[in-house]
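Enquirer: When we follow the numbering used here, the leftmost residue of the sequence shown carries the number 1417, and every step to the right adds one.
From the three backbone atoms N, C-alpha and C, an ideal C-beta is built for every residue, glycine too.
All values reported here derive from a predicted model rather than from experimental measurement.
Below are the structure tokens for one structure; questions will follow.
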Amino acid sequence: MAGQVFTALGLMSGTSMDGIDAALIRTDGQGWVEPVGFIFTPYRQAFRDRLRASLGGRGDVASVEQELTDLHAEAVSLLLRDQGMVAGEVDLIGFHGHTILHAPDRRHTWQIGDGARLAAATGIDVVFDFRTADVQAGGQGAPLVPLYHQALAGDLERPLAILNIGGVANVTWLGTGDLDVLAFDTGPGNALVDDLVLSRLDMPYDEGGRIAAGGQVDAALLARLLAHPYFDAAPPKSLDRDQWSGTALTNLDTADAAATLTAFTARTVLRALDHMPEAPRRWLVCGGGRHNETLMWHLAEGLGVPVSPVDGLGWNGDALEAEAFAYLAVRSRQGLPLSLPGTTGVPAPMKGGRFSPRP
1417 MAGQVFTALG LMSGTSMDGI DAALIRTDGQ GWVEPVGFIF TPYRQAFRDR
1467 LRASLGGRGD VASVEQELTD LHAEAVSLLL RDQGMVAGEV DLIGFHGHTI
1517 LHAPDRRHTW QIGDGARLAA ATGIDVVFDF RTADVQAGGQ GAPLVPLYHQ
1567 ALAGDLERPL AILNIGGVAN VTWLGTGDLD VLAFDTGPGN ALVDDLVLSR
1617 LDMPYDEGGR IAAGGQVDAA LLARLLAHPY FDAAPPKSLD RDQWSGTALT
1667 NLDTADAAAT LTAFTARTVL RALDHMPEAP RRWLVCGGGR HNETLMWHLA
1717 EGLGVPVSPV DGLGWNGDAL EAEAFAYLAV RSRQGLPLSL PGTTGVPAPM
1767 KGGRFSPRP
């Protein structure tokens, strides 16, 4: 039975830098969740270029942060209009912002986004800055979605893996007990192929994996990429989006490069099995990567167990991260943990998030 129920709105600007996911849920912040609505609002190319230029903390970050926050306020308005709701019907916004630098080894992570500005623009209380407390306590600060995955998974057969493929890919492993939760970044998701086709073809992504499907995997390059020490390191562990940016692909045509990078993403997921207490009986896939048929084929072929988009369960595979930050905002206000030793490596269950009340 649900306890006090909150109507919460979650906002996510992911590593793909394609736009804003905005989702509404009703939840008690624990085991009860009811999705309400979802929209995606794409970034204009000019802003994507400015956002990309700010990665690493470069350029006029303050100006980009202001524009990013205002675009999120517009997304809130659009979602409320779509649902026939007004701001007064929403208890809380979970505002992830956008990660421009993630260096947990230096106990530093940076998500731009002005919580006070968003609260003023929307008239709704805002929770933001979800990762800093975890990182400063010695955790990886990522991934933060696993507790939401656990709430959604309910009575599904375990062990179970939920794989999110955005710009970076991360996995949540759920065992049979409530504390049997392990999560970590597996490796690159869509970012490398996105960057490739953007630079060579002026396309935002390889739709359906069609470009990769027309190429041949360069086995030597794939082996070199997989030799990176990250994949042997035990979790918890997390990655910056641009960890492999600048990978030498000059000797490959675009199709072969896309095929190699797509295979790289799939093989890093297979390598993640080495770090799981027990092999999952089933993999559920969310995020934009689930639409890449070539990538999904590689995963099914390599894992040898059912691999399917989460949408078959009635979940919205595009909305889960935004929904998760709505859920985590409620937990933050309740004083409940947002991360666990098994999800980020933080020494003890860790609360987090900063609060900006509406004016």
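So, for ALA1673: in the same chain, excluding its five sequence neighbours on each side, which residues have a beta-carbon less than 6 Å away from its beta-carbon?
Expert: Residue 1673 sits at position 257 when you count from the first residue of the sequence shown. Hits under 6 Å: LEU1612 and LEU1665.
Enquirer: Which partner residues does ILE1455 have in the DSSP bridge list?
Expert: On the sequence shown, residue 1455 is found 39 positions in, with the first residue counted as 1. In the DSSP output, where bridge partners are listed per residue, ILE1455 has ALA1438.
Enquirer: Pick from TRP1713, LEU1729, PRO1693 and PHE1511: whose alpha carbon is nearest that of THR1681?
Expert: Taking the sequence shown and counting its residues from 1, the one referred to as residue 1681 is at position 265. The option with the nearest alpha carbon to THR1681 is TRP1713.
Enquirer: Given a cut-off of 8 Å, decide if ARG1770 and PHE1422 are closer than it, judged by their beta-carbon atoms.
Expert: To locate residue 1422, count along the sequence shown from 1; it is residue 6. To locate residue 1770, count along the sequence shown from 1; it is residue 354. Going by C-beta atoms, PHE1422 is not nearer than 8 Å to ARG1770.
Enquirer: Expressed to the nearest angstrom, what Euclidean distance is found between the alpha-carbon atoms of VAL1762 and ARG1747?
Expert: The residue labelled residue 1762 in the question sits at position 346 within the sequence shown. The residue labelled residue 1747 in the question sits at position 331 within the sequence shown. Distance between the alpha carbons of VAL1762 and ARG1747: 17 Å.
Enquirer: With DSSP collapsed to three states, give me the class of ILE1627.
Expert: Here residue 1627 is taken as the residue at index 211 of the sequence shown, counted from 1. If DSSP states are grouped into helix, strand and coil, ILE1627 belongs with the helices.
Enquirer: Taking the DSSP output, what are the residues bridged to HIS1524?
Expert: Residue mapping note: residue 1524 aligns to position 108 of the sequence shown, counting from 1. ALA1519, per the DSSP bridge assignment.
Enquirer: Between which two residues does the beta strand (DSSP E) carrying PRO1725 extend?
Expert: Translated into positions along the sequence shown, residue 1725 becomes position 309. It spans 1723-1725 - the beta strand (DSSP E) in which PRO1725 sits, taken as one unbroken run.
Enquirer: Assign MET1406 to one of three DSSP states: helix, strand, or coil.
Expert: Since the displayed the chain opens at 1417 and closes at 1775, residue 1406 lies outside it and no answer follows.
Enquirer: Pairing CB atoms from the stretch 1511-1523 with CB atoms from the stretch 1534-1548, are three or more of them under 8 Å?
Expert: yes
Enquirer: Of all the options GLY1570, LEU1598, ASP1610 and ASP1601, which has the alpha carbon lying nearest to the alpha carbon of GLU1450?
Expert: As a working note, residue 1450 is residue 34 in the sequence shown. The shortest Cα separation from GLU1450 among GLY1570, LEU1598, ASP1610 and ASP1601 belongs to GLY1570.
Enquirer: Thinking C-beta only, is TRP1526 closer than 8 Å to THR1538?
Expert: Sequence index remark: in the sequence shown, residue 1538 carries index 122 (1-based). Sequence index remark: in the sequence shown, residue 1526 carries index 110 (1-based). With contacts defined by Cβ atoms closer than 8 Å, THR1538 and TRP1526 do not form a contacting pair.
Enquirer: Who are the Cβ neighbours of PRO1651 in its own chain at under 6 Å, not counting the five residues just before and after it?
Expert: Residue mapping note: residue 1651 aligns to position 235 of the sequence shown, counting from 1. Result list for PRO1651: PHE1600 and HIS1691, in chain order.
Enquirer: May I ask you to report which of helix, strand or coil DSSP gives ALA1532?
Expert: Position 116 of the sequence shown, counting from 1, holds the residue named residue 1532. In this structure, ALA1532 counts as helix in the three-state DSSP scheme.
Enquirer: How far does the beta strand (DSSP E) with ALA1469 in it reach, from first residue to last?
Expert: On the sequence shown, residue 1469 is found 53 positions in, with the first residue counted as 1. That residue, ALA1469, is in no beta strand (DSSP E); its alpha helix (DSSP H) goes 1461-1470.
Enquirer: Between which two residues does the beta strand (DSSP E) holding THR1676 run?
Expert: Working through the sequence shown from its first residue, we reach residue 1676 at position 260. Here THR1676 belongs to no beta strand (DSSP E); instead the alpha helix (DSSP H) covers 1670-1688.
Enquirer: DSSP on GLY1705, reduced to helix/strand/coil?
Expert: Mapped onto the sequence shown, residue 1705 falls at position 289. GLY1705: helix per DSSP, three-state reduction.
Enquirer: Consult DSSP for THR1431 and reduce its assignment to one of helix, strand or coil.
Expert: Reading the sequence shown from its first residue, position 15 is the one you call residue 1431. Coil, per DSSP.
Enquirer: Which residue wins for smallest C-alpha separation from ASP1530, given the options GLY1513, ASP1734, TYR1564 and VAL1723?
Expert: Walking along the sequence shown from the start, residue 1530 turns up at place 114. Among GLY1513, ASP1734, TYR1564 and VAL1723, the Cα nearest to that of ASP1530 belongs to GLY1513.
Enquirer: Note down, in chain order, each residue of its chain lying with its Cβ closer than 6 Å to the Cβ of SER1459, except the 5 sequence neighbours on either side.
Expert: The residue labelled residue 1459 in the question sits at position 43 within the sequence shown. The question names Ser, but residue 1459 is Tyr in the sequence shown. Leaving aside the five residues that flank TYR1459 on each side, the residues in its chain whose CB is nearer than 6 Å to its CB run, in chain order, GLY1435.
Enquirer: Rounding to the nearest angstrom, what Cα-Cα distance links ALA1628 and LEU1677 in this structure?
Expert: Numbered from its first residue, the sequence shown carries residue 1628 at position 212. Numbered from its first residue, the sequence shown carries residue 1677 at position 261. Those two C-alpha atoms are separated by around 8 Å.
Enquirer: With a Cβ-Cβ cutoff of 8 Å, do GLY1445 and THR1760 count as a contact?
Expert: Translated into the one-based positions of the sequence shown, residue 1445 becomes position 29. Translated into the one-based positions of the sequence shown, residue 1760 becomes position 344. Cβ atoms of GLY1445 and THR1760: not closer than 8 Å.
Enquirer: Provide the residue span of the alpha helix (DSSP H) that contains ARG1747, from first to last.
Expert: To locate residue 1747, count along the sequence shown from 1; it is residue 331. From DSSP, the alpha helix (DSSP H) with ARG1747 extends over 1736-1750.
Enquirer: Below 8 Å on the Cβ atoms is my contact criterion, and I expect GLY1605 with VAL1584 to pass it. Report the Cβ-Cβ distance as a whole number of Å.
Expert: In the sequence shown, counting from the first residue as 1, residue 1605 sits at position 189. In the sequence shown, counting from the first residue as 1, residue 1584 sits at position 168. Yes, they are in contact, since the Cβ atoms of GLY1605 and VAL1584 sit about 5 Å apart, within 8 Å.
Enquirer: Where DSSP assigns a beta bridge to ARG1770, which residues make up the other side?
Expert: Looking up residue 1770 in the sequence shown gives position 354. DSSP, once it has assigned bridges, lists PHE1544 as partnering ARG1770.
Enquirer: Hey, which unbroken runs of the alpha helix (DSSP H) at 4 residues or more fall wholly within the stretch 1576-1638?
Expert: 1607-1617 and 1626-1629
Enquirer: Could you pull the DSSP bridge partners for GLY1510 from this structure?
Expert: As a first step, residue 1510 is located in the sequence shown; it is residue number 94 there, counting from the start. Beta-bridge partners of GLY1510 (DSSP): GLY1426 and VAL1543.
Enquirer: Might you give, ordered along the chain, the residues of its own chain that have their beta carbon closer than 7 Å to the beta carbon of MET1417, omitting 5 neighbours on each side?
Expert: Counted from its first residue, the sequence shown places residue 1417 at position 1. Low confidence applies to MET1417: its pLDDT is 47, below 50, so where it sits in the model is not reliable enough to give any reading.
Enquirer: Check the C-beta distance from GLU1709 over to ILE1441 and give it rounded, since I have them as a contact under 8 Å.
Expert: Residue mapping note: residue 1709 aligns to position 293 of the sequence shown, counting from 1. Residue mapping note: residue 1441 aligns to position 25 of the sequence shown, counting from 1. That pair is no contact at about 29 Å.
Enquirer: Using CA atoms only, rank isn't needed, just tell me which of LEU1494, ARG1687, THR1443 and GLY1733 is closest to TYR1646.
Expert: Sequence index remark: in the sequence shown, residue 1646 carries index 230 (1-based). Answer by Cα proximity: ARG1687.
Enquirer: Using the three-state DSSP reduction, which class does VAL1421 fall into: helix, strand or coil?
Expert: Stepping through the sequence shown from its first residue, residue 1421 is reached at position 5. Here VAL1421 sits in coil by DSSP.
Enquirer: Is the Cβ-Cβ distance between THR1457 and ALA1439 less than 8 Å?
Expert: By 1-based counting over the sequence shown, the position of residue 1457 is 41. By 1-based counting over the sequence shown, the position of residue 1439 is 23. It is not a contact, given that the beta carbons lie outside the stated cut-off.
Enquirer: Can you give me the C-alpha to C-alpha distance between PRO1853 and LEU1563, rounded to a whole angstrom?
Expert: Lying before the first or after the last residue shown, residue 1853 is absent from the chain, which here runs from 1417 to 1775.
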